[in-house]
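Using the working numbering, the first residue of the sequence shown is number 398, and each one after it goes up by one.
Glycine included, every Cβ here is placed at the ideal spot set by N, Cα and C.
Everything numeric in this text was worked out from a predicted model, so none of it was measured.
Encoded as structure tokens, the structure appears first; notes follow it.
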Amino acid sequence: MATLLDGKATKDAVFAELEPRVSALAEQDVVPGLATVLVGDDPASQNYVRSKHRDCAAVGVRSISRELPADVSQAQLEAVIDELNADPACSGYIVQLPLPEHIDTGAVLARIDPAKDADGLAPSSLGRLVLGEPAPLPCTPRGIIELLRRYDIPLAGAHVAVVGRGITVGRALGLLLTRKSENATVTLCHTGTRDVAAETRRADIVVAAAGVPHLVTPDHVKSGAVVLDVGVSRVDGVLTGDVAPGVAEVAAYLSPNPGGVGPMTRAMLLTNVVEAAERARGQVLASRGA
Ligand SMILES: NC(=O)C1=CN([C@@H]2O[C@H](COP(=O)(O)OP(=O)(O)OC[C@H]3O[C@@H](n4cnc5c(N)ncnc54)[C@H](OP(=O)(O)O)[C@@H]3O)[C@@H](O)[C@H]2O)C=CC1
Ligand SMILES: Nc1nc(=O)c2c([nH]1)NC[C@@H]1CN(c3ccc(C(=O)N[C@@H](CCC(=O)O)C(=O)O)cc3)C=[N+]21
Ligand SMILES: [Mg+2]
């Protein structure tokens, strides 16, 4: 049976390492603040946002909540973005995605002050990632890499097959993994891929980030491979990942869902906020690989 990559325990370890950094800021009268912008009343989104506020309390980060109705106008939402950009109590913030259909998501993300982009999903942050310049990193891909690192799973030279080219996970993960500092070789799969199973079977590491319940079955996975289950769906109300249960019998390591990449995403969000507060203090900008 596969060894489980415990994202919950690893998140707790990351939080414990953030605490002295938060204390050091407190000694300089700086309290990092994370704001969340939630539009509409989707229960899953409300749940994610609530857990981010719990995380803030655990680490000593102030949390700021902005909740807007589903029929909020583009101008009203952009006014909230402008407020957060100007608010010195807010070190960083996220706009919970997806936004309602009538909202221009790109325009909202482009309006985020790059210094306060806690998600790493603003166009300037993604552009800087492509260019190899320092910028806040997208939380889920950063969390995946951090989880592998803490289990001593090597990326250099590894072949990683990523299923899904969404901006939040797959596309951004490919950008991070192919940096010189990671040196992985990446195959990005999507709905145009002729034979997804053939691509994933060749991989040392498989990242399932399509949002299709149990898409990755045991015949998708090479014996001894590492599998990360990122996709989230609800099947009859039950949280269901992209990885079918039998994969645990083929893989050497498996990140479960829940309990794997989700908590790591939150750990990296808090890390991004603490780093934003440190930068705002003129402290060292953690160097990222080019
Ligand atoms: N656990 C966590 O922390 C997080 C989990 N998630 C989850 O991860 C998943 C991916 O999110 P996101 O990056 O936003 O991606 P999107 O939901 O935007 O896109 C999904 C991607 O999967 C691809 N895809 C869909 N079906 C198949 C298939 N049958 N075979 C191959 N590829 C397929 C799509 O291909 P195409 O481009 O061709 O349409 C698309 O590229 C979602 O389920 C999301 O809920 C997201 C963020 C955090
Ligand atoms: N701007 C933006 N940034 C995001 O990072 C973002 C987003 N929008 N929209 C939605 C997705 C999804 N996402 C998750 C975060 C944590 C868990 C998580 O911690 N899940 C728990 C389980 C939670 C449960 O039981 O419901 C776990 O995996 O153990 C899951 C999913 C972040 N997203
Ligand atoms: Mg999505």
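Residue j beta carbon less than 8 Å from that of residue i
{"i": "residue 542", "j": "residue 573", "result": "yes"}
{"i": "residue 534", "j": "residue 517", "result": "yes"}
{"i": "residue 639", "j": "residue 605", "result": "yes"}
{"i": "residue 462", "j": "residue 502", "result": "no"}
{"i": "residue 666", "j": "residue 536", "result": "yes"}
{"i": "residue 459", "j": "residue 453", "result": "yes"}
Bounding residues of the alpha helix (DSSP H) (the contiguous stretch that carries residue i)
{"i": "residue 548", "result": "Where residue 548 is concerned, there is no enclosing alpha helix (DSSP H), given that its DSSP letter is neither H nor E."}
{"i": "residue 670", "result": "658 to 677"}
{"i": "residue 637", "result": "Per DSSP, residue 637 belongs to no alpha helix (DSSP H); it is in the beta strand (DSSP E), 635 to 637."}
{"i": "residue 478", "result": "471 to 483"}
{"i": "residue 503", "result": "502 to 508"}
{"i": "residue 598", "result": "593 to 598"}
{"i": "residue 572", "result": "569 to 574"}
Near ligand 2: residue i beta-carbon under 7 Å from a heavy atom
{"i": "residue 471", "result": "no"}
{"i": "residue 493", "result": "yes"}
{"i": "residue 629", "result": "yes"}
{"i": "residue 654", "result": "yes"}
{"i": "residue 487", "result": "no"}
{"i": "residue 580", "result": "no"}
DSSP state of residue i mapped onto helix, strand, coil
{"i": "residue 453", "result": "helix"}
{"i": "residue 645", "result": "helix"}
{"i": "residue 402", "result": "coil"}
{"i": "residue 604", "result": "strand"}
{"i": "residue 522", "result": "helix"}
{"i": "residue 620", "result": "coil"}
{"i": "residue 419", "result": "helix"}
{"i": "residue 583", "result": "strand"}
{"i": "residue 410", "result": "helix"}
{"i": "residue 448", "result": "helix"}
Contact test: residue i Cβ vs ligand 1 heavy atom, cutoff 7 Å
{"i": "residue 595", "result": "no"}
{"i": "residue 658", "result": "yes"}
{"i": "residue 545", "result": "no"}
{"i": "residue 407", "result": "no"}
{"i": "residue 612", "result": "yes"}
N-terminal and C-terminal residue of the beta strand (DSSP E) that residue i is part of
{"i": "residue 464", "result": "459 to 465"}
{"i": "residue 534", "result": "Careful: residue 534 lies outside any beta strand (DSSP E) and carries neither H nor E."}
Residue-level contact to chain C via CB, residue i, 8 Å cutoff
{"i": "residue 618", "result": "No chain C is part of this structure, which consists of one protein chain only."}
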